[in-house]
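Q:
Numbering (this note's numbering), first residue to last: 363 to 501.
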């Protein structure tokens with residue numbers, strides 16, 4: 363996660379209040395307080411690749427595309443986190459942390475592929491995984 367204080371970004375994550383402050387703090391340091399859109403929905407990237415309703419995916423894409431028109435951004439950060447209630451609600455119960463991490467990595471990589479097809483070329487898309495109990499990024 364390199365420092366780029368002058369670029370504008372779109373950050374998409376879960377709306378879990380237990381992760382929000384640390385992620386906002388990271389974004390403030392990395393981009394500056396006024397240099398990113400912060401968007402959150404239950405499950406974050408889950409809504410791009412494992413949505414209960416296809417309209418959920420369409421709505422996330424609409425928000426990202428509209429934001430690009432309002433204030434063009436050069437980076438998208440997708441952030442999933444451990445012990446996510448939205449995944450549990452969808453029936454995803456993990457028996458070990460490494461299985462959960464691997465599952466989220468696959469989900470996030472799939473979301474990156476989807477966004478590369480749907481967003482303007484040249485937008486860098488990153489994916490990160492946040493450890494909820496530890497309050498830090500795993501990657």
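Even for Gly, the Cβ is constructed at its ideal location relative to N, Cα and C. These numbers were taken from a predicted model, which means no experiment stands behind them.
Can you grab the Cα-Cα spacing for the pair residue 435 / residue 441, in whole Å?
A: Rounded to the nearest angstrom, the two C-alpha atoms are 17 Å apart.
Q: With residue 387 as the anchor, note down where its alpha helix (DSSP H) starts and where it stops.
A: Its alpha helix (DSSP H) spans residues 379 to 393.
Q: Taking residue 452 as the reference, give the member of 394, 408, 430 with the closest Cα.
A: Residue 452 has its Cα closest to that of 408, out of 394, 408, 430.
Q: Kindly indicate the opening and closing residues of the beta strand (DSSP E) around residue 488.
A: Residue 488 -> beta strand (DSSP E) spans 486 to 493.
Q: Quick check on this structure: which residue in 420, 418, 412, 426 has the alpha carbon closest to the alpha carbon of residue 400?
A: Per the Cα distances, 426.
Q: Assign residue 439 to one of three DSSP states: helix, strand, or coil.
A: Residue 439: strand per DSSP, three-state reduction.
Q: Using the Cα positions of residue 492 and residue 444, report the straight-line distance between them to the nearest angstrom.
A: Roughly 6 Å between the two C-alpha positions.
Q: Whose CA, out of 411, 489, 377, 423, lies closest to the CA of residue 437?
A: Among 411, 489, 377, 423, the Cα nearest to that of residue 437 belongs to 489.
Q: Please classify residue 462: is it buried, with 16 or more other beta-carbons within 10 angstroms of its beta-carbon, or exposed?
A: Looking at its Cβ environment, which holds 16 or more other Cβ atoms inside 10 Å, residue 462 is buried.
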